[in-house]
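Note sheet for the following structure.
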Amino acid sequence: MIEKIVDPEKLRHFPPKGGKIELYWIYTSGRAGEEFFKNLRQGKFIAARCKKCGHRYFPPRIFCEFDFSETEFYEISGEGCVEAFTIATMDLNENPMEEIIAMIKLDNTDGRIIHVIKEAKEISIGTRVKPVLKKPEEMVGNISDIAYYKPA
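Counting in UniProt numbering, the sequence shown runs from 1 upward without gaps.
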């Protein structure tokens, strides 16, 4: 099962030593998000396809946003193509660092993911990338199970 924080009093700002977040509601990942994270924990990526118009959603949805039809889940590789990127030169504490952050158009979907790129000597628009997942024993069923992307 995916770990959920159901007590808003336990939420904290990032970084972890940050202060309390004043919340009076709870947002869940929903049925489609739950299915995505359950599969991700098993090392699989899923998307959703509209049964009527064929639009392919990533992250998955339970209904089509265009015609309100039901969708069906299907497995994807998680690989894709860099559409845009930036290079961060400072961390959250203003310490020097260099990290590539990219918007990746995932294969066989109409969706995208924004994630860190590592192990890249060069990066450009159109670079093919693939996900690197955490070790199975480290996976917890959330987006951080995708450690980073690297050139394919």
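Where a beta carbon is used, it is the ideal one built from N, C-alpha and C, also for glycine.
This structure is a prediction, so every number in the text was calculated from the model and none was measured.
Residue i: first and last residue of the uninterrupted beta strand (DSSP E) it sits in
{"i": "Gly80", "result": "Gly80 to Met90"}
{"i": "Glu72", "result": "Thr71 to Ile76"}
{"i": "Phe58", "result": "Where Phe58 is concerned, there is no enclosing beta strand (DSSP E), given that its DSSP letter is neither H nor E."}
{"i": "Glu122", "result": "Counting along the chain, Glu122 falls outside any beta strand (DSSP E), and DSSP gives it neither H nor E."}
{"i": "Phe45", "result": "Phe45 to Cys50"}
{"i": "Glu98", "result": "Pro96 to Leu106"}
CA nearest to the CA of residue i, picked from the options
{"i": "Lys52", "options": "Val129, Thr71, Lys121 and Pro96", "result": "Thr71"}
{"i": "Ile62", "options": "Gln42, Leu40, Phe36 and Thr86", "result": "Phe36"}
{"i": "Val82", "options": "Glu137, His115, Glu34 and Ser29", "result": "His115"}
{"i": "Ala102", "options": "Thr86, Glu34 and Asp67", "result": "Thr86"}
{"i": "Tyr74", "options": "Ala88, Asp67, Pro59 and Ile143", "result": "Pro59"}
{"i": "Glu122", "options": "Ser144, Asp145, Glu34 and Glu98", "result": "Glu98"}
Rounded Cβ spacing between residue i and residue j (contact assumed at less than 8 Å)
{"i": "Ile100", "j": "Ala84", "result": "So it is not a contact: roughly 11 Å between Cβ atoms."}
Whether residue i touches residue j by CB criterion (9 Å)
{"i": "Lys44", "j": "Gly141", "result": "no"}
{"i": "Leu133", "j": "Ala147", "result": "yes"}
{"i": "Ile113", "j": "Ile104", "result": "yes"}
{"i": "Tyr149", "j": "Pro131", "result": "yes"}
{"i": "Asp110", "j": "His55", "result": "yes"}
{"i": "Met139", "j": "Arg41", "result": "yes"}
{"i": "Arg128", "j": "Gly80", "result": "yes"}
{"i": "Ile117", "j": "Ile76", "result": "no"}
N-terminal and C-terminal residue of the alpha helix (DSSP H) that residue i is part of
{"i": "Lys134", "result": "Looking at the DSSP string, Lys134 is not in any alpha helix (DSSP H), and its letter there is neither H nor E."}
{"i": "Ala152", "result": "Premise fails: Ala152 is in no alpha helix (DSSP H) and is neither H nor E."}
{"i": "Glu65", "result": "No alpha helix (DSSP H) holds Glu65; DSSP gives it neither H nor E."}
{"i": "Gly30", "result": "Gly30 to Arg41"}
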